[in-house]
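Each number in the numbering used here comes from the position in the sequence shown (counting from 1) with 5 added on. Structure first, commentary second.
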Amino acid sequence: MFKSDSPVGIDDLSVYVPELFVSTTGEFAVKRGIEPAKLARGIGIERMAIPDAHEDAATMAAMSALELMRRSDLRPEQVGKIYVGTESAVDEAKAIGTYVIGMLEKVYGPGSFQECSTVEFKSACIGTTYALENMSYWLAQEEQDQVGLVVASDVARYDLCSSGEYTQGAGSVSLLVRHRPRLLAFEGIFGAFTRDENDFFRPIGERTAVVNGKHSNDCYLMAVDGAFASFERKARRGGLIDPGLGECPTDYVQHILFHLPYPRMAEYAAASLFRQEWRGLSRWRELEGEIGPEPRVEDYADGGDYARADFEFRKKFTRSELFMQAFRSKVEGSTSISRQVGNIYTGSIYLGLASLLESGKLSPGERACFGSYGSGCSALVFSALVQPGLGSVPSTGILERLAARREISLAEYEQLHEGRRKESIIPPREEFALLRVDEQGYRHYDFVR
Ligand code: HMG
6 MFKSDSPVGI DDLSVYVPEL FVSTTGEFAV KRGIEPAKLA RGIGIERMAI
56 PDAHEDAATM AAMSALELMR RSDLRPEQVG KIYVGTESAV DEAKAIGTYV
106 IGMLEKVYGP GSFQECSTVE FKSACIGTTY ALENMSYWLA QEEQDQVGLV
156 VASDVARYDL CSSGEYTQGA GSVSLLVRHR PRLLAFEGIF GAFTRDENDF
206 FRPIGERTAV VNGKHSNDCY LMAVDGAFAS FERKARRGGL IDPGLGECPT
256 DYVQHILFHL PYPRMAEYAA ASLFRQEWRG LSRWRELEGE IGPEPRVEDY
306 ADGGDYARAD FEFRKKFTRS ELFMQAFRSK VEGSTSISRQ VGNIYTGSIY
356 LGLASLLESG KLSPGERACF GSYGSGCSAL VFSALVQPGL GSVPSTGILE
406 RLAARREISL AEYEQLHEGR RKESIIPPRE EFALLRVDEQ GYRHYDFVR
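What follows is the structure in structure tokens.
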């Protein structure tokens, strides 16, 4: 655990989302032959952010990083490291952070970030969380005026007309990590779970992911539950959380943020976690009295019969008063922005943090637990305490910017998706833009005024 006299954590954050969006419940639902209610409620996504022709993971990362630099009044020489979590790499070798630094230097001057190191963290949707963990270790033993930026940036893209298509999105979140943070101080415990899986991957050269949808949901739940168990073992050993009789560790957590590939996943994840947490406690016996006993795998000769019984039990569990109360108070508040943006892969869980911040749901002294997941697969769980400086963190302005976006037609979306549209729908202004890719494959970016 970190020394408490100088905690390290998240001081501030900024969010960048492209100005274009597709409404899932309009033309998209009609043309794809899907009931709008399935997308709005069954999946939980109302709008998907779509990058314009001049945008990619690098421009979005530079946009959120620049905004964070400006709103926190940072000087380039204070920034010791910029770690970028992404699975939408723009190059197989060159770190995306070098392009980001190149863009930032268009604003701050050539060489201004020369002493800042940068690494790209790739681990599907969990890359940014591993970057954050590593940044916290570095800062814990670094001079106190140094800061680090952890930047998440991704374009979530699946094949047109596939069942993954309505879980797309794009955007970037930048986190300012420093000593004595205003927002969240890490408690220094990280619980991990890793296993080789084929739930979701993108072979080299492919523009869209290969996804085994249902299997990916199962891998997510298995890994996040496993990482929570690992976190809790360490938290008990370290004396961080010491539940009394009839209690469980999440009783000591006010906010649980999950990776959000789509908002409904937070409900599945919460149900799986609370079942794991509450089993064996007196509240579980009362709950089984209300909804019937939880199916036990050893009571079923056929795996399919067990899966069906378990699915039915989960449905009843998620409708129980006990679950709904815990879900509403600890989890649901983190999903609001994702409904308007879609999956931004490695930044999705931090969009959850922005949701809590913007809706005023955080209070000093509360504990937040992050359950991060990356396909392939790996999960990491860590906790942080909301700091007294919370009130001095200004609004990110993201809600106003989301409301001012422009809806595009299905035809425009499909052109952008397939890379067939070269002209921007909204020409860039006061933003970073990809100008061209030269004959060698080097990408030329600039800040367009
Ligand atoms: P699907 O075929 O749309 O799922 O695939 P579904 O038919 O089971 O429907 C989903 C829910 O909608 C169900 O709810 C339906 O009942 C409900 P449930 O039964 O579970 O409670 N529904 C309706 N609700 C209201 N009104 C209606 C209606 N009709 C149906 N009319 C899936 C969904 C997510 C699998 C698919 O979209 C997909 O493959 N997406 C991409 C993969 C993904 O997001 N996986 C999530 C876990 S893996 C992960 O998070 C990592 C990832 O972010 C990548 C990375 O790590 O880099 C993806």
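Note that CB positions come from ideal geometry on N, CA and C, so glycine has one too.
Closest by C-alpha distance to residue i, when choosing among the options
{"i": "Pro186", "options": "Ala197, Ser343 and Gly396", "result": "Gly396"}
{"i": "Thr225", "options": "Ser377, Thr134, Thr30 and Ser334", "result": "Note that residue 225 is Tyr in the sequence shown, not Thr. Ranking the options by Cα distance to Tyr225, first place goes to Ser377."}
{"i": "Glu299", "options": "Gln281, Leu362 and Ala306", "result": "Gln281"}
{"i": "Phe375", "options": "Val95, Thr172 and Thr133", "result": "Thr133"}
{"i": "Glu417", "options": "Leu109, Ala228 and Ala54", "result": "Ala54"}
{"i": "Glu412", "options": "Gly231, Ser167, Glu51 and Arg37", "result": "Glu51"}
{"i": "Gln173", "options": "Gly357, Val302 and Val346", "result": "Val346"}
{"i": "Ile349", "options": "Val13, Arg238 and Pro23", "result": "Pro23"}
{"i": "Ala129", "options": "Thr255, Leu180 and Gly352", "result": "Gly352"}
{"i": "Glu405", "options": "Ser360, Arg269, Glu252 and Arg454", "result": "Ser360"}
{"i": "Arg454", "options": "Glu435, Val442, Met329 and Leu18", "result": "Glu435"}
{"i": "Glu237", "options": "Leu278, Tyr104 and Ile430", "result": "Leu278"}
{"i": "Gly210", "options": "Ala94, Glu40 and Phe387", "result": "Ala94"}
{"i": "Asp230", "options": "Phe332, Ser122 and Gly196", "result": "Gly196"}
{"i": "Ile431", "options": "Lys36, Asp57 and Pro12", "result": "Asp57"}
{"i": "Leu227", "options": "Leu367, Ala384, Tyr450 and Phe33", "result": "It should be pointed out that residue 227 corresponds to Met in this sequence rather than to Leu. The shortest C-alpha separation from Met227 is found at Ala384."}
{"i": "Leu407", "options": "Leu265, Ala66, Glu110 and Leu356", "result": "Leu356"}
{"i": "Lys86", "options": "Arg75, Gln119 and Ser69", "result": "Gln119"}
{"i": "Lys320", "options": "Thr255, Glu303 and Tyr273", "result": "Tyr273"}
{"i": "Glu192", "options": "Gly379, Phe332, Ala373 and Glu295", "result": "Ala373"}
{"i": "Leu25", "options": "Glu110, Gly176, Pro12 and Ser287", "result": "Gly176"}
{"i": "Arg284", "options": "Glu252, Met329 and Met270", "result": "Glu252"}
{"i": "Asp150", "options": "Ala190, Gly38 and Ser11", "result": "Ser11"}
{"i": "Glu293", "options": "Ile101, Phe328, Ala312 and Met68", "result": "Phe328"}
{"i": "Ser117", "options": "Glu138, Gln146, Val84 and Ala45", "result": "Val84"}
{"i": "Val112", "options": "Tyr447, Phe332 and Phe437", "result": "Phe437"}
{"i": "His264", "options": "Glu303, Thr255, Gln392 and Ser221", "result": "Ser221"}
{"i": "Val442", "options": "Tyr104, Tyr171, Lys219 and Leu181", "result": "Tyr104"}
{"i": "Glu92", "options": "Lys43, Phe205 and Ser28", "result": "Phe205"}
{"i": "Tyr447", "options": "Gly107, Ser414, Glu138 and Glu291", "result": "Gly107"}
Residue i: first and last residue of the uninterrupted alpha helix (DSSP H) it sits in
{"i": "Cys224", "result": "Gly218 to Arg242"}
{"i": "Asp201", "result": "Element bounds for Asp201: n/a, residue is neither H nor E."}
{"i": "Ala359", "result": "Ser353 to Glu363"}
{"i": "Glu293", "result": "Ser287 to Ile296"}
{"i": "Asp315", "result": "Gly308 to Arg324"}
Residue burial classification, residue i (beta-carbon count within 10 angstroms, cutoff 16)
{"i": "Arg242", "result": "exposed"}
{"i": "Ala98", "result": "exposed"}
{"i": "His260", "result": "buried"}
{"i": "Gly381", "result": "buried"}
{"i": "Gln445", "result": "exposed"}
{"i": "Phe316", "result": "exposed"}
{"i": "Pro369", "result": "exposed"}
{"i": "Tyr88", "result": "buried"}
{"i": "Lys239", "result": "buried"}
{"i": "Glu309", "result": "Sequence check: residue 309 is Gly here, not Glu. When all chains shown are included, Gly309 counts as exposed."}
{"i": "Glu363", "result": "buried"}
{"i": "Leu440", "result": "exposed"}
{"i": "Ser158", "result": "buried"}
{"i": "His449", "result": "exposed"}
{"i": "Asp61", "result": "buried"}
{"i": "Lys335", "result": "buried"}
{"i": "Glu148", "result": "exposed"}
Limits of the beta strand (DSSP E) - the one that residue i falls within
{"i": "Gly376", "result": "Arg372 to Gly379"}
{"i": "Asp451", "result": "Arg448 to Val453"}
{"i": "Ser388", "result": "Ser383 to Val391"}
Identified DSSP bridge partners for residue i
{"i": "Glu412", "result": "Phe26"}
{"i": "Ile15", "result": "Val182 and Leu189"}
{"i": "Gly176", "result": "Asp159"}
{"i": "Tyr21", "result": "Ser177"}
{"i": "Phe437", "result": "Phe452"}
{"i": "Phe332", "result": "The partner list for Phe332 (beta bridge, DSSP) is empty, contrary to what the question assumes."}
{"i": "Phe195", "result": "Phe387"}
{"i": "Val346", "result": "In the DSSP output, where bridge partners are listed per residue, Val346 has none listed."}
{"i": "Val215", "result": "Phe206"}
{"i": "Val442", "result": "Arg448"}
Any C-beta of chain B under 8 Å from that of residue i
{"i": "Ser221", "result": "No chain B is part of this structure, which consists of one protein chain only."}
Exercise for the section: Output the residue ranges of the beta strand (DSSP E) runs that lie fully inside the segment 31-102 and measure 3 residues or longer, sorted by chain position. Expected result: 52-55 and 84-90
Practice task
Within the segment 92-173, note down every full alpha helix (DSSP H) run reaching 4 residues or more, in order along the chain.
Solution key: 101-113 and 132-145
Practice task
Only counting runs of 3 or more residues, tell me where the beta strand (DSSP E) segments fall wholly within the segment 240-269, in order along the chain.
Solution key: 260-263
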